[in-house]
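Trainee: Residue numbers (our numbering): -12 to 503.
Glycine included, each C-beta is placed from N, C-alpha and C at the ideal position.
As the structure is a prediction and not an experimental result, all values here were calculated from the model.
Mind having a look at this structure? Questions to follow.
Rendered as structure tokens:
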């Protein structure tokens, strides 16, 4: 009888194992790449200030100063400083290397964090806090650097890159799941304890990430030197490659369109050359070394709106929970969003999507924006938790899609800078949202804050739809990160062999390869 019962369970167990292998087998293969797990999770641990520092400042300032406006302004100052420094730090990382730039930044951040909590506890004059808080923005772009390492290792494997981006998002959401409730609990107990834990995480994560030197991509200085070029000459060469690829794509698309219209061979060729020349002329009229174009601008504006309403929703939820006498629960509310987002990232990366990238991007964006707008009608904290659980599955895919769009817009040697611009615009939007929400909360309570959230979310979606054409065209352009010059060819080959020994000695996806 027992044997029969055990035998009946075997097919069920096998089915679960097969489903698990289908969903998570690709992730385990990525993490088995030498040093991959170390730098991926090291970057996440070093990013702990992201979920912890803003919430810690909000709770501590409200406790010692009894002022939500001051808390909102301080978080806004930190966000603005991060938005200003982010692209600069990303550019410096691409130019001089991840280790050279990150080490001094970690030291500056630890000192600034210690000074911040000391001054808040001493209830010093507000202008002193305004001077110290900007230094909390001296954070290396850990997320961008981690994703740059992955795109460098999996340069010709789009499915692998999609799964790696999802893996990074899963790790990020684990950070938010842990960081938000940890920050709310520790900050209520002691602001010093909350800041100390954050500082320890930064140091440990930095050591894990920066000691993985074999996976660090070559910077522009080293790549240029290897070819006998200056850094400026190397950037010009990379931009020329990207421009040539865009022009060739325009040429091929125009020829295909003319052929479908039944034009003569001469007219088809003329249409192709005209499209190619238009791309070249537009580039020559613009800035020579700028990575900015209509597609990147549209993505940045969209990320500005995303940051605005999400930051406003965070401070509004803190106010709502405080009014309900449940301030200690705020971290767990945010964790619902993070857990749901983590699940969304896992499922999203497990599938090889055939739906167009821009369609996936706008669907996920609409779900998040419209869902957050419903906070205005919530009367209990658990209602917000349920909404977060429902819409969170689209949060990580939105960011994953944004990162993939960025790979169509900038070359590999400037990918960290491109992602930093996304984060910068998100931070600027967040500073605006938190500042406006803080003022409205002080005047009208949490309901006023949620009114701001709804307004910003709907406006953000409308603005994103205005850039639909630019983002759609960007996703149809070639992937520029596949054209990058790379000196670490043997490491790339080792990664390909590790993922699939059958394809050793050739790119993981030969038809997607671009001649260097």
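Applying the criterion that 16 or more other CB atoms from any shown protein chain within 10 Å of the CB defines a buried residue, is residue 367 buried or exposed?
Mentor: Within the chain shown, the letter at position 380 stands for residue 367. Burial call: exposed.
Trainee: Just the Cα atoms here: how many angstroms apart are residue 29 and residue 126?
Mentor: Along the chain shown, read from residue 1 onward, the residue named residue 29 stands at position 42. Along the chain shown, read from residue 1 onward, the residue named residue 126 stands at position 139. The alpha-carbon atoms of residue 29 and residue 126 are separated by roughly 14 Å.
Trainee: In chain order, what residues of the same chain have a beta carbon less than 7 Å from the beta carbon of residue 89, not counting five sequence neighbours either side?
Mentor: The count along the chain shown starts at 1 and reaches residue 89 at position 102. Counting only Cβ-Cβ distances below 7 Å, and skipping sequence neighbours, we find 127, 193, 197.
Trainee: Suppose you measure from the CA of residue 259 to the CA of residue 396; what does that come to, to the nearest Å?
Mentor: By 1-based counting over the chain shown, the position of residue 259 is 272. By 1-based counting over the chain shown, the position of residue 396 is 409. Approximately 22 Å, taken between the alpha carbons.
Trainee: Would the beta-carbon of residue 329 fall within 9 Å of that of residue 164?
Mentor: Counting from 1 along the chain shown, the entry for residue 329 is found at position 342. Counting from 1 along the chain shown, the entry for residue 164 is found at position 177. It is a contact, given that the beta carbons lie within the stated cut-off.
Trainee: Could you tell me the alpha carbon to alpha carbon distance between residue 68 and residue 416, rounded to whole angstroms?
Mentor: By one-based count along the chain shown, residue 68 stands at place 81. By one-based count along the chain shown, residue 416 stands at place 429. Those two C-alpha atoms are separated by around 12 Å.
Trainee: Taking a contact to mean a Cβ-Cβ separation below 9 Å, would you say residue 153 touches residue 325 in this structure?
Mentor: Taking the first residue of the chain shown as position 1, residue 153 is located at position 166. Taking the first residue of the chain shown as position 1, residue 325 is located at position 338. Cβ atoms of residue 153 and residue 325: not closer than 9 Å.
Trainee: Would a C-beta distance cut-off of 9 Å place residue 41 and residue 407 closer than the cut-off?
Mentor: Taking the chain shown and counting its residues from 1, the one referred to as residue 41 is at position 54. Taking the chain shown and counting its residues from 1, the one referred to as residue 407 is at position 420. No, Cβ-Cβ distance for residue 41 and residue 407 is not below 9 Å.
Trainee: Please identify the residue among 43, 311, 77, 187 whose C-alpha is closest to the C-alpha of residue 103.
Mentor: Stepping through the chain shown from its first residue, residue 103 is reached at position 116. When each option's Cα is compared against that of residue 103, the closest is 43.
Trainee: If you follow the alpha helix (DSSP H) that residue 20 is in, where does it begin and where does it stop?
Mentor: As a first step, residue 20 must be located in the chain shown, where it is residue number 33. Neither: residue 20 is in no alpha helix (DSSP H) and is coded neither H nor E.
Trainee: Going along the chain, which residues of its own chain have a beta-carbon closer than 8 Å to the beta-carbon of residue 475, five neighbours each way excluded?
Mentor: Stepping through the chain shown from its first residue, residue 475 is reached at position 488. At residue 475 the pLDDT is 41, less than 50, meaning the model places this residue with poor confidence; the figure from the coordinates comes in the next sentence. Answer for residue 475: 139, 204, 205, listed in chain order.
Trainee: Using a Cβ distance threshold of 8 Å, determine whether the region 304 to 321 contacts the region 42 to 56, with at least three qualifying pairs required.
Mentor: Output reads yes: the region 42 to 56 touches the region 304 to 321.
Trainee: Using the beta-carbon count (16 or more within 10 Å), is residue 219 buried or exposed?
Mentor: Within the chain shown, numbered from 1, the residue matching residue 219 stands at position 232. Exposed is the call here.
Trainee: Mind the definition here: the region 145 to 162 touches the region 332 to 343 only if three or more C-beta pairs lie below 8 Å; say whether that holds.
Mentor: Cβ pair count under 8 Å is three or more, so yes.
Trainee: Our contact map puts residue 60 next to residue 425 with C-beta atoms below 8 Å; I'd like the distance itself, whole angstroms only.
Mentor: Position 73 of the chain shown holds residue 60. Position 438 of the chain shown holds residue 425. Going by Cβ atoms, the distance from residue 60 to residue 425 rounds to 7 Å, so yes, they are a contact pair.
Trainee: Does DSSP put residue 397 in a helix, in a strand, or in coil?
Mentor: Position 410 of the chain shown, counted from the first residue, corresponds to residue 397. Correct three-state label for residue 397: coil.
Trainee: My output table needs one value for residue 342: the three-state DSSP class, helix, strand or coil.
Mentor: Here the question's residue 342 lines up with position 355 in the chain shown. Looking at residue 342 - three-state DSSP - the assignment turns out to be coil, as it is neither helix nor strand.
Trainee: For residue 216, which three-state DSSP category applies?
Mentor: As a position in the chain shown, residue 216 is number 229, starting the count at 1. Three-state result, residue 216: coil.
Trainee: Any chance the region 175 to 185 sits against the region 61 to 81, with 3 or more Cβ pairs inside 8 Å?
Mentor: No, because fewer than three Cβ pairs between the region 175 to 185 and the region 61 to 81 fall closer than 8 Å, the two stretches do not touch.
Trainee: Should residue 118 be labelled buried (16 or more other beta-carbon atoms within 10 Å of its own) or exposed?
Mentor: Reading the chain shown from its first residue, position 131 is the one you call residue 118. Under this definition residue 118 is an exposed residue.
Trainee: How close, in whole Å, do the beta carbons of residue 420 and residue 299 come, if the pair is a contact with beta carbons under 8 Å?
Mentor: Stepping through the chain shown from its first residue, residue 420 is reached at position 433. Stepping through the chain shown from its first residue, residue 299 is reached at position 312. Their Cβ separation, rounded to whole angstroms, is 4 Å, which keeps residue 420 and residue 299 in contact under 8 Å.
Trainee: Could you check where the alpha helix (DSSP H) with residue 203 kicks off and where it finishes?
Mentor: As a first step, residue 203 must be located in the chain shown, where it is residue number 216. Segment: none, residue 203 is in no alpha helix (DSSP H) and carries neither H nor E.
Trainee: With a threshold of 16 other CB atoms inside 10 Å of the CB of residue 53, please say whether the residue is buried or exposed.
Mentor: Residue mapping note: residue 53 aligns to position 66 of the chain shown, counting from 1. With fewer than 16 other Cβ atoms within 10 Å, it is exposed.
Trainee: Please go through the same chain and pick out, in chain order, the residues whose beta-carbon is closer than 8 Å to the beta-carbon of residue 297, but skip the five residues on each side of it.
Mentor: Counted from its first residue, the chain shown places residue 297 at position 310. For residue 297, where only same-chain residues beyond five positions count, the Cβ hits under 8 Å are 359, 417, 420.
Trainee: Under three-state DSSP, which class holds residue 75?
Mentor: By 1-based counting over the chain shown, the position of residue 75 is 88. Residue 75 falls in the helix class under three-state DSSP.
Trainee: Enumerate in chain order the residues of its own chain whose CB-to-CB distance from residue 340 is below 7 Å, with the five nearest sequence positions on each side excluded.
Mentor: The residue given as residue 340 occupies position 353 in the chain shown. Hits under 7 Å: 347.
Trainee: Put residue 438 into one of helix, strand or coil per three-state DSSP.
Mentor: As a working mapping, residue 438 is identified with position 451 in the chain shown. In the structure shown, residue 438 sits in a helix (DSSP, three-state: H, G or I).
Trainee: Tell me which same chain residues have a C-beta within less than 8 Å of the C-beta of residue 200, skipping the five on either side of it?
Mentor: Stepping through the chain shown from its first residue, residue 200 is reached at position 213. If we look at residue 200 and ignore the five residues flanking it on each side, its Cβ neighbours are 86.
Trainee: Answer yes if the region 368 to 383 comes into contact with the region 241 to 260, meaning at least three C-beta pairs across the two stretches below 8 Å, and no otherwise.
Mentor: Flag = no, the region 241 to 260 and the region 368 to 383 do not touch.
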